[in-house]
Amino acid sequence: MTGLFRACTGLILWAAIFSLLYAVEGLGCANGWAIATLRIVLVAIWLAGLAVLGWLSWRWWPIRGSAMIDRMAGIIALVGLVSTVWTGFPVAILIACI
Amino acid sequence: MKALRLHREFSKIWGTQRGWRGSIESVNHSDIGKRLMLSAFFFFLVGGVLSMLIRAQLATPDSAFAGPEVYNQIFTMHGSIMMFLFAIPMFEGFAIYMLPKMLGARDLAFPRISAYGWWCYLFGASMLCVSMLLGLAPDSGWFMYTPLSSKPYSPGINSDFWLIGITFVEVSAIAAAVDITVSILKMRAPGMTLAKMPLFAWYLLVTAVMMLIGFPPLILGSILLELERAFGWPFFDVTRGGDSLLWQHLFWLFGHPEVYIIFLPAAGAISMIIPVMARTKIVGYGAIVAAIIALGFLSFGLWVHHMFTVGIPHTALAFFSAASTLVAIPTGVQIFAWLGTLWAGRPQMKLPMLHLVGFFVTFVMGGLTGVMVAVVPFDWQAHDSAFITAHLHYVLFGGFVFPMFAAVYYWMPQITGRARWFKLGEVAFWLIFIGFHATFFLMHLVGLLGQPRRIETYPAEVGWTWINLISSIGSFVLAIGIALFVVDIALQLWLAHRSKRNPWGASTLEWAMMQPSPTYNIAAIPTVEDRDPLEKQPDLALRLARGEGYLATPRNNWRETLAIDTATARVDHVIILPGNTRLPLWTGLVTGLFFLAILIKLYWVVPIAAVGVTVLAWRWAWVLGHRETVGEVDIGQGERALTHPECDDRPGWWGSVFLLAADGTFFASLLFGYAFLWTIAPNWPPPALIESSFAALALGMAGALLAGAVRGKRFAGPAGFAGTAAGLAVAALVLIFALVRAPSPTDHAYGAMLAVLASYALLHLFIATVMIGFVWMRSRAGRPESGLRSERRIVRLWTDYAALVAGAGVLAIELPGWIA
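Residue numbers (the numbering used here), protein chains in the order written: chain A, 1 to 98; chain B, 99 to 918.
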């Protein structure tokens with residue numbers, strides 16, 4: 001069961017970062033945070049998430065001959081990394097709260 | 099001769115009594131699966147008739163065929179039936195029927211739960227049908243947006259029918275999801291590691307987990323809306339601190355994953371059929387598994403794309419737009435893997451393949467319009483227009499109905515033992531294919547010309563007449579095609595000659611048994627060495643029938659099947675499944691009484707029904723387990739193993755883990771709703787907060803900690819029980835005290851949220867207390883310690899969860915008041 005959980009970790013992290021970005025954005029806009037502060041916080045969360053997922057992708061990258069479920073952990077970590085790059089990049093380029 | 103003897107002996111143990119008594123008692127997965135599929139198909143036809151009424155209404159401008167009141171009921175019921183009474187139960191039925199056969203098991207992990215789910219589905223669906231016959235059907239659209247579905251704008255009982263009927267049906271979906279998850283993880287044939295599972299099992303595993311996470315937000319939303327409608331608790335009423343957007347969030351948190359919950363099982367069927375039709379092996383097994391897992395997660399990041407026009411900040415829109423485009427990639431990976439398989443093999447254009455061609459064409463078109471509406475500016479133009487109706491039908495009909503037809507033709511010989519004889523199927527396919535595209539392709543155009551969805555009529559001057567007329571003619575061609583399909587299948591069922599075994603030359607285990615399959619599936623459980631067990635051993639069916647494998651000796655009237663270790667697929671223990679019983683029927687009836695009493699506002703009956711369900715649940719668990727220690731038993735192949743009541747890792751433990759995962763999602767959704775209202779809804783902060791009480795906060799946390807503190811062997815002793823019960827009681831008192839102090843739930847959404855939070859935690863404290871009482875009584879009744887140990891482990895898990903939600907509930911209730 002641990003192997004299965006590990007295989008999903010990359011996307012569990014993606015989901016966590018995605019939810020956190022959405023929640024912080026909603027919270028910041030509702031409470032009238034300064035736009036610059038909000039952007040710094042959002043970009044910091046995004047980059048921190050990318051760093052963790054990047055490290056995991058490197059660390060878990062499949063070794064030839066390993067079991068499928070172990071290879072899956074590395075592949076899904078990379079999928080999580082690419083997904084986080086793609087779904088999170090708006091925080092770096094768009095103006096929040098409009 | 100040995101095969102015949104084994105067949106007789108196993109049939110005696112696993113069989114069902116003839117006649118209606120047998121029918122209502124059966125818990126066999128083949129019976130339940132077939133019932134679900136048949137009833138889901140019946141509802142598909144009912145939904146189809148409703149769609150013909152819709153097209154009859156829209157065929158001409160200024161139509162007087164149905165008035166707006168009736169028309170609203172028709173389109174609401176069409177959507178609701180197709181989603182909740184057809185698509186989900188259809189694949190549940192198929193999974194319940196087919197999974198054990200594919201995995202090399204004799205039944206699912208929880209046969210009585212499967213049967214209970216079936217009764218809940220039947221009663222819930224009947225409730226909705228009765229509403230239609232009475233002319234009181236839901237009429238606020240299949241996604242029941244507030245405030246339209248709220249009391250002031252829908253004062254009748256119509257919306258209540260939807261909220262209560264659908265919640266009742268969802269009970270069956272959650273039951274099936276737990277059953278499927280545990281069965282796939284624990285009940286595969288020995289040797290069948292996750293990497294050797296048929297792809298269909300991977301698809302179902304991800305789908306079932308998605309159901310556990312996706313359905314609770316809808317169940318929560320339905321409960322909150324019913325509380326608002328029945329008692330005036332204003333969760334969605336903006337004037338009193340509610341927010342109608344909360345409904346949209348909760349609904350689409352379920353609603354978008356739902357699309358994938360419907361598509362993935364169909365894709366699982368496709369992944370099984372295509373390699374057989376192409377006479378080769380699937381290309382990119384690992385890539386497909388990665389794509390399924392990716393879809394399972396990414397599909398939860400799309401829900402806001404249904405809400406692009408409601409006024410959410412652009413950055414947030416961009417997250418969801420990006421995720422919506424991203425999800426096309428894992429879908430594309432599967433499409434290319436299937437195309438690659440066809441390319442690598444020697445495809446035969448048999449009838450299942452013809453339907454899969456229909457799937458490819460239709461689903462890819464639906465996917466492409468999906469990417470279009472994922473882009474915010476386009477969505478702003480197309481939102482709520484017939485373009486969306488066209489898109490969703492391309493995705494759902496393409497992604498579910500065509501594969502379903504392919505699956506029916508592919509697996510019918512397995513289910514009925516008969517070959518297809520009449521050749522109506524090809525004609526039916528072309529009528530369905532042409533009819534479908536004539537109906538829905540044009541809807542894209544009329545949508546772009548400005549026709550909104552769900553309008554009951556339109557004036558001739560707007561220029562939509564010809565398109566609508568052709569659409570309507572197309573829909574009737576489609577209906578004739580489906581009628582021909584029904585005739586074709588009926589002829590196969592009753593008139594066709596016997597099919598030879600494994601007519602397609604498939605290599606998976608569901609073909610390694612008699613056709614139609616016997617009640618016990620296989621007389622011996624095989625050892626699996628690769629993904630295509632029948633390829634190397636074409637005579638496997640005969641060898642299993644002769645008892646060459648595990649558990650081939652019937653004994654003690656036990657319904658035995660094997661449990662494995664999830665990762666290594668080594669034999670772990672023997673599961674003894676319960677036999678036929680009326681308990682699921684009675685529990686379903688009493689659950690039905692519970693929901694019916696809420697619907698017709700006989701509130702005094704509700705607690706009686708709740709007590710009834712508790713008593714039946716007690717009985718349900720009491721009849722399980724051994725009266726004496728059994729120890730290891732012979733399982734054949736020179737091996738021995740323990741039986742499940744004497745194992746910590748028993749199915750009940752895993753069932754509880756996954757049920758609690760769903761329950762936890764429900765609680766998380768509730769906390770999300772609370773936080774959402776607090777930050778986003780107008781008219782917050784509330785006029786009055788709960789009176790701060792540090793004592794309540796401290797006592798509540800202490801109670802929760804105490805309830806969770808007693809662990810291990812100490813939990814078995816009287817002191818451990820007493821300590822845990824005391825912790826639960828303290829937490830319960832604090833929560834009751836909070837209910838007394840909280841502002842009235844009818845004044846503001848804040849008070850209503852506190853009441854729901856406290857009630858939820860109290861319910862779980864009650865469940866934990868009953869469970870502790872249960873194991874205590876079992877101990878007093880002299881049940882052996884070998885079985886009590888694993889039961890206590892399950893109770894500990896539920897008690898931990900109760901302590902957790904009680905602690906979190908106390909914090910969520912008390913902390914804001916105390917800080918302020």
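A virtual CB, placed ideally from N, CA and C, is assigned to each residue, including glycine.
Own chain, CB closer than 8 Å to residue i, minus 5 neighbours either side, in chain order
i	result
I35/A	I95, A96 and C97
G468/B	S422, A426, H489 and V493
S397/B	M308, H354, P355, V357, Y358 and V425
A558/B	P159 and D160
CB contact check: residue i to chain B, cutoff 8 Å
i	result
S83/A	yes
F18/A	yes
A36/A	no
V79/A	yes
W55/A	no
G26/A	yes
A30/A	yes
A7/A	yes
Within chain A, the residues that residue i reaches when beta carbons sit closer than 8 Å
i	result
V387/B	M68 and M72
A392/B	L11, I76, V79 and S83
Sequence-distant residues of its chain with Cβ nearer than 7 Å to residue i (five each side left out)
i	result
F756/B	V276, T279, V280 and L310
L837/B	A853 and A856
A77/A	T9, G10, L53, L56, S57 and W60
W345/B	Y243, T244, G319, L323 and F334
Candidates the options: closest to residue i by CA position
i	options	result
R894/B	M869/B, G907/B and I911/B	M869/B
A665/B	A287/B, R153/B and R653/B	A287/B
F140/B	T867/B, V584/B, R680/B and D237/B	V584/B
I513/B	E190/B, M196/B and R153/B	M196/B
S842/B	L201/B, L226/B, W331/B and Q155/B	W331/B
W216/B	R680/B, F352/B and G319/B	R680/B
G384/B	V713/B, A866/B and W436/B	W436/B
S124/B	M200/B, F189/B, A154/B and R210/B	R210/B
S342/B	P253/B, S247/B and A389/B	S247/B
P652/B	I623/B, P636/B and E627/B	I623/B
F142/B	F182/B, G430/B and V168/B	F182/B
Same chain, Cβ closer than 6 Å to residue i, five either side skipped, listed in chain order
i	result
R629/B	K294
L303/B	I282
Residue environment, residue i, which counts as buried when at least 16 other CB atoms sit within 10 Å
i	result
M180/B	buried
Y701/B	exposed
Q549/B	buried
S121/B	exposed
F208/B	buried
V91/A	buried
R518/B	buried
Y618/B	buried
T727/B	exposed
Y251/B	exposed
Chain A within 8 Å of residue i, Cβ atoms only
i	result
F361/B	no
T625/B	no
I778/B	yes
F485/B	no
F398/B	yes
F417/B	yes
G340/B	no
G353/B	no
G430/B	no
G677/B	no
Proximal residues of chain B, C-beta to C-beta of residue i below 7 Å
i	result
W14/A	F395
A96/A	P411 and T413
V91/A	T413
L50/A	What L50/A touches in chain B: nothing, since even the nearest Cβ is about 14 Å away.
Per-residue contacts from residue i into chain A (C-beta, under 7 Å)
i	result
T158/B	Those within 7 Å of T158/B in chain A number zero; the least Cβ separation is about 44 Å.
L424/B	S83, W86 and T87
9 Å Cβ cut-off: residues of chain A touching residue i
i	result
A421/B	F18, S83, W86 and T87
Contact list for residue i against chain B, beta-carbon separation under 9 Å
i	result
G3/A	L292, T664 and A665
L47/A	Those do not exist, as L47/A stays about 16 Å from chain B at its closest Cβ, beyond 9 Å.
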